[in-house]
Each structure stands twice: as structure tokens, then as C-alpha cells.
Amino acid sequence: MNLKINTLLSDLNEQLNFIDIEIDDTINRCEKAIDIIIVSIQKLKILFLKEKFKNQEQEIDFFKNIKPKFTSKFIYYNIIYKIETKKPYGGERIVKKYLNNELQKLKTYFDNNLDFYKYYRTGNNYLDFKYFVRGKFDIKLTIDSFFFEVDHNFSTSHDFKVAKILAHDLVQVYLENKLIEINNKSVKEKSQHNHNAKLTWTAPKVALIELLYALQSEKVFNNGSTDLKEIAEYLENIFNVDLGQYRRTFLEIRVRKTERTKFLNTLKETLEKRMNNSDEPI
Numbered sequence: 097m098n099l100k101i102n103t104l105l106s107d108l109n110e111q112l113n114f115i116d117i118e119i120d121d122t123i124n125r126c127e128k129a130i131d132i133i134i135v136s137i138q139k140l141k142i143l144f145l146k147e148k149f150k151n152q153e154q155e156i157d158f159f160k161n162i163k164p165k166f167t168s169k170f171i172y173y174n175i176i177y178k179i180e181t182k183k184p185y186g187g188e189r190i191v192k193k194y195l196n197n198e199l200q201k202l203k204t205y206f207d208n209n210l211d212f213y214k215y216y217r218t219g220n221n222y223l224d225f226k227y228f229v230r231g232k233f234d235i236k237l238t239i240d241s242f243f244f245e246v247d248h249n250f251s252t253s254h255d256f257k258v259a260k261i262l263a264h265d266l267v268q269v270y271l272e273n274k275l276i277e278i279n280n281k282s283v284k285e286k287s288q289h290n291h292n293a294k295l296t297w298t299a300p301k302v303a304l305i306e307l308l309y310a311l312q313s314e315k316v317f318n319n320g321s322t323d324l325k326e327i328a329e330y331l332e333n334i335f336n337v338d339l340g341q342y343r344r345t346f347l348e349i350r351v352r353k354t355e356r357t358k359f360l361n362t363l364k365e366t367l368e369k370r371m372n373n374s375d376e377p378i
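See the structure below:
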């Protein structure tokens with residue numbers, strides 16, 4: 097079963113990485129991700145229910161270390177979806193207050209489950225037979241009410257709590273990065289308030305990242321002496337866009353199964369079409 101699960105998790109991560117770089121809109125990206133994850137968890141459940149565990153340790157390992165890798169992704173994208181769809185319209189101060197309130201919610205959950213956080217984070221296992229074995233729940237061990245609504249053939253009292261810990265770590269990073277983006281944008285706007293209006297990049301960010309690497313590879317700036325970071329910051333500035341983790345995105349572009357230079361190919365085709373159109377004004 098482990099080989100099939102590893103393949104399933106690898107496929108899931110590949111699909112999520114693909115939509116992360118192909119879909120800029122956060123809400124649309126979350127919707128697509130949630131659909132993909134639900135299908136993957138359903139496949140995981142089918143594999144699990146067919147399996148006959150040889151011992152309790154295998155069951156504990158599945159619910160403590162394997163299943164949360166899948167369900168944490170669902171929790172993460174679902175939380176981000178709710179955050180983005182409920183985000184208020186308004187100025188910088190209003191949005192920052194909203195994001196900080198969301199961070200506070202994570203802290204509240206942490207405070208309410210501090211004992212289990214400590215247990216899990218420190219690698220303890222003396223209560224695993226209660227936390228991660230089906231039918232062994234102990235009401236005294238702070239169980240989420242969600243547990244009583246799930247399929248107990250595919251759940252234990254605390255596997256969902258582990259998934260929430262993993263998901264909340266990622267949500268915290270997301271929220272903190274959003275706050276940093278707001279602060280950076282504010283600094284940029286203050287430094288540029290006397291400048292003329294700039295062009296804004298409205299195509300997907302992944303397209304500009306393709307262009308970024310192409311320009312740097314061709315050494316078109318300063319006879320090739322300009323490094324990638326300088327060019328990225330320049331493009332972000334002139335096109336009023338945040339390229340995010342562009343190096344990670346480039347790695348994802350490299351492993352595309354088809355058409356790795358999709359945007360550059362489209363540019364070439366569009367330009368040639370324009371050249372071939374005699375009625376097109378110069």
C-alpha cells in the first residue's frame with residue numbers, strides 16, 4: 097500500500113504545484129485545489145479500506161503520519177478560500193486588521209490545544225494508541241466536535257488535529273506574507289508618488305517569469321552582467337507586479353510535461369500572425 101500511497105501523494109503535489117503557477121487568482125486556485133484534493137482523499141480512503149494492517153503500529157503510522165499529509169492540504173486551501181472570500185474591501189488599515197484577526201484565530205486554536213501541540217511537536221508516542229487507533233477515543237483528551245460526524249472506519253480522534261497543525265503552519269506563513277506585501281506596497285507607493293502612472297502586468301505571473309529567465313539567459317541587460325534578482329526587481333517595479341517565489345516557479349516550469357515555454361511560444365505565434373496580416377497598422 098505504501099508505494100501506491102506515495103504515488104498518489106506525489107501526483108497530488110504535482111497537480112497542486114501546477115495550479116499554483118498557472119492560476120494567479122487565489123480564489124480560483126483554491127477552488128481548483130480543493131476539487132483535486134477531494135478526489136485524492138477519496139482514492140486514499142479506497143486504498144486504506146482494502147488494506148489489512150499487520151499490527152497496531154501500522155495503523156498508528158497511517159493516521160499520524162500519512163493521512164494528515166493529504167487532509168492538511170484540504171484544510172489549508174479551504175481556510176485560504178474562506179479568508180479571501182470574506183476579506184473586506186477597504187484601505188490598507190482595514191485589510192491589515194482583518195489579516196491580523198485571522199492570525200489571532202490560529203493562536204487561539206493553538207492555545208486551546210497546547211497539550212497536544214507539545215505532544216506532537218516533541219515526537220512523543222506514549223498516547224498514540226489512544227490518538228491514532230480507531231475506536232480508541234478518550235473524551236478527556238480534547239476531541240474536536242468534528243470527529244463525531246466523520247466516518248470512524250477512516251478516522252481516529254486526533255488525525256484531523258494533526259492535519260490542522262500542519263495546515264495552520266502554512267496558513268500562518270500565507271497571512272504573514274500577505275502582511276509583508278501590504279507593507280512593501282505601501283513603501284513603494286510612498287517612494288513613487290511623484291512618478292507617472294506605470295504599466296501594470298495583467299497576464300499570469302508565470303508568463304512574466306518565463307520572460308524574465310529568457311531575458312536573463314539572452315544577456316540583454318548590461319552586456320549580461322545583471323543578475324537574475326536585479327532583473328526580477330526591475331520587472332516587478334516597472335510592471336507593478338509581485339513575482340513571489342519566482343525561482344521555485346521556474347523549477348515548476350522546467351518540469352512541465354508539455355510546452356515548457358508556453359508564453360514565449362504564444363508571443364512568437366501572435367507576432368507572426370500580426371506580421372502576416374497586411375491590414376494590421378504598424
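Residues in the sequence shown are numbered from 97 upward in steps of one, following this note's numbering.
Virtual Cβ for every residue (Gly too), placed ideally from N, Cα, C.
The model shown is predicted, which means the values in this text are computed figures rather than measured ones.
Boundaries of the alpha helix (DSSP H) in which residue i is found, first to last residue
| i | result |
| --- | --- |
| Ser106 | 98–118 |
| Tyr213 | 210–217 |
| Pro164 | 163–182 |
| Arg370 | 358–372 |
| Leu143 | 122–146 |
| Tyr185 | Run containing Tyr185: none; DSSP gives neither H nor E here. |
| Asp247 | Looking at the DSSP string, Asp247 is not in any alpha helix (DSSP H), and its letter there is neither H nor E. |
| Tyr227 | 224–227 |
Sequence-distant residues of its chain with Cβ nearer than 8 Å to residue i (five each side left out)
| i | result |
| --- | --- |
| Pro184 | Ile190, Val191, Tyr194 |
| Thr322 | Gln312 |
| Glu180 | Thr122, Ile123, Cys126 |
| Val246 | Phe256 |
| Lys232 | Phe225, Lys226, Thr252, Ser253 |
Other residues of its chain near residue i: CB distance less than 6 Å, five sequence neighbours each side excluded
| i | result |
| --- | --- |
| Tyr177 | Cys126 |
| Tyr342 | Ile305, Ala328 |
| Ala303 | Phe359 |
| Thr167 | Ala259 |
| His254 | Tyr227 |
Three-state secondary structure (DSSP) of residue i
| i | result |
| --- | --- |
| Arg352 | coil |
| Thr204 | helix |
| Leu266 | helix |
| Val258 | helix |
| Lys232 | coil |
| Phe158 | helix |
| Asn197 | helix |
| Lys150 | coil |
| Asn273 | helix |
| Thr252 | coil |
| Asn279 | helix |
Selection from the options that minimises the alpha carbon distance to residue i
| i | options | result |
| --- | --- | --- |
| Asn151 | Glu198, Phe225, Thr252, Tyr205 | Phe225 |
| Leu295 | Glu332, Ser321, Ala303, Lys163 | Glu332 |
| Glu118 | Glu355, Asn373, Ile162, Leu202 | Glu355 |
| Val258 | Lys301, Pro164, Lys182, Arg230 | Pro164 |
| Leu266 | Gly219, Leu199, Asp211, Asn280 | Leu199 |
| Phe269 | Ile115, Leu202, Leu105 | Note on residue identity: the sequence assigns Val, not Phe, to residue 269. Of the candidates Ile115, Leu202, Leu105, the one whose C-alpha sits nearest the C-alpha of Val269 is Leu202. |
| Trp297 | Asp120, Thr103, Ile115, Asp116 | Asp120 |
| Lys182 | Asn197, Ile171, Phe170, Lys169 | Asn197 |
| Ser143 | Asn273, Lys315, Leu104 | The identity of residue 143 in the sequence shown is Leu, whereas the question assumes Ser. Checked all of Asn273, Lys315, Leu104; the closest Cα to Leu143 is Leu104. |
7 Å Cβ shell around residue i - same chain, five flanking residues per side excluded
| i | result |
| --- | --- |
| Tyr309 | Phe346 |
| Asp338 | Glu277, Glu332 |
| Arg350 | Arg356 |
_Report the start-end ranges of each alpha helix (DSSP H) in the stretch 289–341 that is 4 residues or longer and not cut off at the edges._
301–313, 324–334
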